[in-house]
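Chemist: This is the structure I have questions about; it appears just below.
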Amino acid sequence: MKKTMTLNLTDGEMQALQELCDKKDLSKTAVLRQALRLYQLVDVRLEQGGKLFFEDEAKKEKAELMVL
Amino acid sequence: MTSYPVFLTDRRSGKTVGAELIEGIGESQLRSVETEWKPVINARLRQLVAQGSPLSDWPENWHWDWRKKLERIRGLLAFRSLALVCENQVQGLMLLAMAGHSCRIPEQAKKDLIYVDYLETAPWNRKTIVPQPRFGGVGTVMIRAAIEVSHEQDFRGRIGLHSLPAAEEFYDKVCGMTDLGRDESYQGLRYFEMTAAQAAAFSQ
Chain A
395 MKKTMTLNLT DGEMQALQEL CDKKDLSKTA VLRQALRLYQ LVDVRLEQGG
445 KLFFEDEAKK EKAELMVL
Chain B
-12 MTSYPVFLTD RRSGKTVGAE LIEGIGESQL RSVETEWKPV INARLRQLVA
38 QGSPLSDWPE NWHWDWRKKL ERIRGLLAFR SLALVCENQV QGLMLLAMAG
88 HSCRIPEQAK KDLIYVDYLE TAPWNRKTIV PQPRFGGVGT VMIRAAIEVS
138 HEQDFRGRIG LHSLPAAEEF YDKVCGMTDL GRDESYQGLR YFEMTAAQAA
188 AFSQ
């Protein structure tokens, strides 16, 4: 079952959301669903002791990302 | 538990039979895999060992452990699982990744897609395991379901997957997906992707 909620966003947040919608060809709801899925996934993996990295293959650089 | 009516082909009679696509692989399906699938796979492996067949002749995913796969993603919104049941037996299982995968085909690059993480047909439906497969159409039903999930999520039918060698022809010829070649970052498996147009053509 789906539930409806009202979301209060600042102009900047709304602009970022719209940019993602345009770039990804998704509705606002779809972008927020994706964000929630990824946020939960990262949170669970970090709690399990995992680490999140961004890797620049060209520069051979790896930066650990602390999300939460 | 949500389920949807689907159809398979009984390869013995050639007739279409009703089946059920179930949202979420549960304990009963896992037990079915462990008690009904495993003995068939193990019997085939024993046969291959007795024949002295090389490892390359073994069913490619003989070592898959669905219980472990599902434990790893339990409660995560980023994954969805489906089971296909016919005549009270599990005929196929599929695990979909809903987030974290982007398109690679230039015309849809970086857009989200549904990634088919794992897809397996019951061993008695596979000609590499049994001489006369029981049901046909499991892969087709599952790929159609993945496309449906993609539409549900606003992804317009876009899906992607890495194929085991034995299934490459199915994804290429039957599904009409684009073959983007071997992916050395993923065990050298070939990566296939479906565009919105290919999804529409396949689902017709």
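For the protein sequence lines, the chains are A and B, in the order given. Per my numbering, the first sequence starts with residue 395, numbered consecutively. Per my numbering, the second sequence starts with residue -12, numbered consecutively. Every residue gets a Cβ at the ideal spot worked out from N, C-alpha and C, and that includes glycine.
(1) Give the single residue among Arg(-1)(B), Leu100(B), Trp53(B) whose Cα lies nearest to the Cα of Thr182(B).
(2) Check this for me: beta carbons of Leu430(A) and Leu64(B), under 8 Å apart or not?
(3) Applying a beta-carbon distance threshold of less than 7 Å, which residues of chain A neighbour Lys98(B)?
(4) At a Cβ threshold of 8 Å, is Ala86(B) touching chain A?
(5) Taking any Cβ of chain A, which residues in the segment 46 to 75 of chain B have a Cβ under 8 Å from it, in chain order?
(6) Counting only C-beta atoms, is Gln78(B) closer than 8 Å to chain A at any point?
(7) Beta-carbon within less than 7 Å of Thr3(B)'s beta-carbon, same chain only, minus the 5 sequence neighbours each way: which residues are those?
(8) Using a Cβ-Cβ cut-off of 6 Å (strictly less than) and excluding sequence neighbours within five positions of Gln442(A), which residues of its own chain qualify?
(9) Is the distance from the Cβ of Trp51(B) to the Cβ of Glu107(B) below 8 Å?
(10) Using 10 angstroms around the beta-carbon of Gln191(B), count the other beta-carbons present and answer buried if the total reaches 16, otherwise exposed.
(11) Residues of chain B with CB closer than 9 Å to the CB of Ala424(A), please, in chain order.
(12) Is the separation between the beta-carbon of Phe179(B) and that of Thr165(B) shorter than 8 Å?
(13) Give me the chain B residues within the contact set of Gln428(A), using Cβ-Cβ distance strictly less than 7 Å, ordered along the chain.
Modeler: Taking the coordinates as given:
(1) Here the closest residue by C-alpha is Leu100(B).
(2) When the beta-carbon positions are compared, Leu430(A) and Leu64(B) come within less than 8 Å of each other.
(3) Those are Lys418, Asp419, listed as they occur along chain A.
(4) Under the Cβ distance rule, Ala86(B) counts among the residues neighbouring chain A, one pair being separated by less than 8 Å.
(5) Result list: Gly62, Leu63, Leu64, Ala65.
(6) At least 8 Å separates the CB of Gln78(B) from every CB of chain A.
(7) In the same chain as Thr3(B), and ignoring 5 residues on each side of it, the C-beta atoms closer than 7 Å to its own belong to Phe(-6), Thr(-4), in chain order.
(8) The answer is none, since no qualifying residue turns up.
(9) Yes, these two residues count as a Cβ contact at 8 Å.
(10) Around the C-beta of Gln191(B), fewer than 16 other C-beta atoms lie within 10 Å, and the residue is accordingly described as exposed.
(11) What Ala424(A) touches in chain B: Asp99, Gln140, Asp141, Phe142.
(12) Their beta carbons are under 8 Å apart, which means Phe179(B) touches Thr165(B) by this criterion.
(13) Contact note: Gln428(A) reaches chain B through Ala86, Asp99, using a C-beta cutoff of 7 Å and chain order.
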